[in-house]
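Note sheet for the following structure.
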Amino acid sequence: MGTRGSNAWLLLEREERDLRVAVTGAGGFIGRRLCERLREEGHVLRLLTRHVERDARGGDEVAFWDATQPPAPSLLEGCDALVSLAGEPVAQRWTREVKERIRDSRVRGTAGLVEAMRGGGTVRTLVCASAVGYYGDAGERVLTEESPPGDDFLAQVCVAWEAEAQRAEALGARVVRLRFGVVLHPEGGVLHKVLPLFRAGVGGRLGSGRQVMSWVHREDVVSLVLFALGQLVLSGPVNATAPHPVTNAHFTHALAERLGRPALVPVPALALRLTLGEAAGAVLSSQRVLPQAATRAGFSFRFPHLEEALRHLLA
Ligand SMILES: NC(=O)c1ccc[n+]([C@@H]2O[C@H](COP(=O)([O-])OP(=O)(O)OC[C@H]3O[C@@H](n4cnc5c(N)ncnc54)[C@H](OP(=O)(O)O)[C@@H]3O)[C@@H](O)[C@H]2O)c1
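Numbering follows my numbering, in which position 80 of the sequence shown is assigned residue number 126; successive positions increment by one, without gaps.
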């Protein structure tokens, strides 16, 4: 192998093996599993957290960071990569204050992190969370990374969030914006919320059930973050959704069938709007998203079909 080949190989080895990776949102539903996988792969972690004492117990490096405050200039010094997952939970009633927190924790938080990247000078890769909410309520339309954004509240947040992340490109960093679909695992997210109802036999479709749900198994989403860290050619928006999205009615039927329970109690759209207010829009909106960029880059999903994913998740 010539010198160029050896260098390329060494670079890949370094990218894949012994990175110092800073992570925000490490204590969350996706972050917890991501950190386990990063440790298993031998990377050194620096958790950026509001709960330094709580998060220092695991033996990782820990630094105080609150998305709504300017970061310490040394926050990212010595780090090779940053994975940013932090954000105020979206699944709650959206008061004016909650909407501000949903937006600020992502948009201001990411802006601060990019400033810290400028100061620290060592981070070469930023993998930043975003969401399929970027596309707004798109009905049956097939969405790829090239599709235009929507214009509802969540879409506007995602657009602004991604724009802040993209600023890191001017620093010479590679930026991957992962547009997560509905992440499935019983430990958190949607499945954690609906499982007790379905187990009790009082689950049902939401609204008409015709809205398309772009779901993804948590293990695949975490693998995709690791893939994004290691694939030097991957950058820009990347949909983190399984290749076979389903309607909410299909999801309801598949989940009930797997649990051997009936799903006879649909939740009318009006009831959702009364309970969740504006946030009901997020539950009722439809996005048929395809993971075009990930698939083209050679990523293969372990759980491309919902039925296999549920079988694994509920085994
Ligand atoms: N789960 C999904 O289905 C899904 C779908 C689409 C997009 N996403 C996006 O993916 C990201 C991770 O999702 P998740 O489900 O793992 O979220 P999660 O369980 O709600 O965790 C959110 C994390 O963000 C941190 N955080 C919130 N506000 C913060 C602030 N002001 N400063 C510092 N940290 C803050 C939390 O820290 P504490 O531990 O201190 O509370 C927590 O670790 C989120 O940005 C979410 O919008 C998730």
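All C-beta atoms in this analysis are idealised placements derived from N, C-alpha and C, irrespective of residue type, glycine included. Given the structure is predicted, the values throughout are model-derived calculations rather than measurements.
Is the beta carbon of residue i within less than 6 Å of some heavy atom of ligand 1?
| i | result |
| --- | --- |
| GLY306 | no |
| PHE110 | no |
| SER151 | yes |
| ALA263 | According to the sequence as given, residue 263 is His; it is not Ala. Every heavy atom of ligand 1 is 6 Å or more from the Cβ of HIS263, so no. |
| PHE75 | yes |
| GLU134 | yes |
| GLY96 | Correcting the residue type first, residue 96 is Arg in the shown sequence and not Gly. At least one heavy atom of ligand 1 is nearer than 6 Å to the Cβ of ARG96, so yes. |
| ALA175 | yes |
| LEU272 | no |
| PHE226 | yes |
| LEU131 | yes |
Can you tell me which residues form a DSSP beta bridge with residue i?
| i | result |
| --- | --- |
| ALA175 | LEU224 |
| PRO283 | ARG223 |
| PHE244 | Per DSSP, none; premise fails for PHE244. |
| HIS231 | GLY234 |
| TRP261 | VAL228 |
| SER130 | THR70 and CYS174 |
| GLU107 | ARG92 |
| ALA309 | VAL248 |
| THR293 | VAL258 |
| VAL335 | LEU189 |
Just tell me which of the options has its CA closest to the CA of residue i.
| i | options | result |
| --- | --- | --- |
| GLY257 | SER130, SER331, GLU354 and ALA118 | The question names Gly, but residue 257 in the sequence shown is Gln. Comparing Cα positions, the closest option is SER331. |
| PHE349 | LEU159, VAL292 and VAL262 | VAL262 |
| ARG334 | VAL248, TRP207 and ASN285 | ASN285 |
| LEU217 | ALA328, LEU310, ARG170 and PRO314 | ARG170 |
| SER346 | ARG142, PRO117, LEU91 and LEU270 | LEU270 |
| GLY88 | LEU305, PRO337, LEU65 and VAL153 | LEU65 |
| THR341 | VAL221, ALA295, THR287 and HIS299 | THR287 |
| VAL129 | LEU352, ALA68 and VAL267 | ALA68 |
| GLU215 | THR141, MET163 and GLY185 | MET163 |
| LEU121 | ALA300, ARG96, LEU352 and LEU224 | ARG96 |
| VAL221 | GLY227, GLY247 and GLU208 | GLU208 |
| GLU86 | ASP106, THR70 and VAL313 | ASP106 |
| ARG307 | PRO314, VAL248, ALA325 and HIS296 | VAL248 |
| VAL178 | GLN138, LEU305, PRO283 and ALA325 | PRO283 |
| ARG225 | ARG304, ARG357, PRO314 and VAL173 | VAL173 |
| PRO117 | LEU352, ALA157 and ASP197 | ALA157 |
| GLU265 | HIS358, VAL313, HIS296 and PRO337 | HIS358 |
| ALA137 | GLU354, GLN338 and ALA328 | ALA328 |
Quick one: does residue i have its CB under 7 Å from some CB of chain B?
| i | result |
| --- | --- |
| ALA162 | Given the protein chain composition of this structure (a single chain), no chain B is represented. |
Practice item. Check whether the segment 239-253 touches the segment 265-278, counting contact only when three or more Cβ pairs, one atom from each stretch, lie closer than 8 Å. Key: no
**Study point:** Stretch-stretch touch, CB-based, cutoff 8 Å, three pairs: the segment 198-206 with the segment 249-259
**Key:** no
Review point. Can we say the segment 184-194 touches the segment 142-157, given the rule of at least three CB pairs closer than 8 Å?
Key: no
Point to revise | Sufficient close CB pairs (3 or more, under 8 Å) joining the segment 218-233 to the segment 62-82 | key: yes
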